[in-house]
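A short write-up of the structure that comes next.
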Ligand code: KMH
Ligand code: ZN
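In the working numbering, the protein residues as written are 12 to 284.
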C-alpha cells in the first residue's frame, strides 16, 4: 500500500471558538497550528480565510498572508478552499486560486448543507476547474455525494479536468452522503484507475471513516473544520486529531507520508517560480 497522506482541515468557515477554543483564525494562528500538525505527522493543510473575529473571508490578501506564514515555517502542502462559506459569490470563492497555491479544493456538485444549500452549478464548477488549470493549481475534487464523482468525470471527458485526479469524499454532512463503509467502498470503487482518494468524515464519523480508509488504501482528512470533538464532549485540537491517526496507522502497519511523499503521490509538479 502507498504511504498514508494525512490532511488536516485546520479551521473551515462555519466552526467557531464558541464551540471549540482551539480553532485558528488568523495567518499567525494557522501557521502555529500547522507547525504542530506537521510535527504530529500531517502532510497537507486545508485552510479557510477568516477575519480576526472569525468571519469567513476569501480575500486574496488574507490568503496571501496565510500561505506565506505556513510556507515560511513548514514544508506542508497548503490547499486553499474555494468552497468558502455558503452564499459567497463565485468570484469571491475563486480569489485565492490567483495566488497559485499548490492545491485548491473543487466541489463538483450542489448539496444541501444543514439548513443551507452549498451551491455549485455546472458553469461554476467548470469556471473553477479552468481557472485552477490556468494557474497551475492541482484540484482536490470534493465529493459530498456520489453523483459529484460523475460530474467530475464528465469534465474529464470534456478535457476540462485531466486524469488521474485526487478526490476527497466528505461524508456525513446533513444533506450529503451518509458516512458508512458501504458508501465509502462504493465511492472509492467508482473512481477510474490511478486516481487517489481521501475521506473526511464529519463529526463523530471522522474516526471510523479514517480507520476504514487506512485499511482500504485511501488517505485521511481530519481537523476541526469537520469535527470539533476528540471524544464525546471533549474539544479536540488539530494536532490531537492528527496524532490519533498516526497511532492508528502505526498499529495497522501503514507508513505515514511526508509532504514530499504526498507531492509525489498526488502528482503535484515541482515549482520553478
Ligand atoms: N464551507 C463549506 C460551505 C471547501 O472548503 O472547499 C464548503 C467547504 C468546501 O468548506
Ligand atoms: Zn473547507
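Cβ coordinates follow ideal geometry from the N, Cα and C atoms, glycine included.
Coil, strand or helix - residue i by DSSP
| i | result |
| --- | --- |
| residue 142 | helix |
| residue 26 | coil |
| residue 214 | helix |
| residue 72 | helix |
| residue 158 | helix |
| residue 281 | coil |
| residue 62 | coil |
| residue 21 | coil |
| residue 109 | helix |
| residue 152 | strand |
| residue 116 | strand |
Inter-residue spacing [alpha-carbon to alpha-carbon] between residue i and residue j
| i | j | result |
| --- | --- | --- |
| residue 178 | residue 83 | 27 Å |
| residue 88 | residue 126 | 32 Å |
| residue 209 | residue 70 | 27 Å |
| residue 256 | residue 104 | 30 Å |
| residue 196 | residue 176 | 18 Å |
| residue 185 | residue 124 | 6 Å |
| residue 136 | residue 267 | 32 Å |
| residue 121 | residue 160 | 12 Å |
| residue 280 | residue 42 | 23 Å |
| residue 118 | residue 282 | 25 Å |
| residue 81 | residue 167 | 32 Å |
| residue 278 | residue 115 | 14 Å |
| residue 102 | residue 92 | 13 Å |
| residue 16 | residue 29 | 30 Å |
| residue 250 | residue 240 | 12 Å |
| residue 200 | residue 194 | 10 Å |
| residue 85 | residue 45 | 8 Å |
Closest by C-alpha distance to residue i, when choosing among the options
| i | options | result |
| --- | --- | --- |
| residue 182 | 205, 174, 211, 125 | 211 |
| residue 252 | 49, 27, 40 | 49 |
| residue 162 | 68, 147, 244, 202 | 202 |
| residue 170 | 140, 226, 148 | 140 |
| residue 228 | 264, 107, 250, 165 | 264 |
| residue 34 | 237, 165, 259, 243 | 237 |
Exposed unless 16 or more other CB atoms sit within 10 angstroms - verdict on residue i
| i | result |
| --- | --- |
| residue 248 | buried |
| residue 187 | buried |
| residue 128 | exposed |
| residue 198 | buried |
| residue 261 | exposed |
| residue 100 | exposed |
| residue 271 | exposed |
CB-CB length for residue i against residue j, believed under 8 Å
| i | j | result |
| --- | --- | --- |
| residue 25 | residue 96 | 7 Å |
| residue 65 | residue 27 | 5 Å |
| residue 224 | residue 230 | 6 Å |
| residue 22 | residue 235 | 6 Å |
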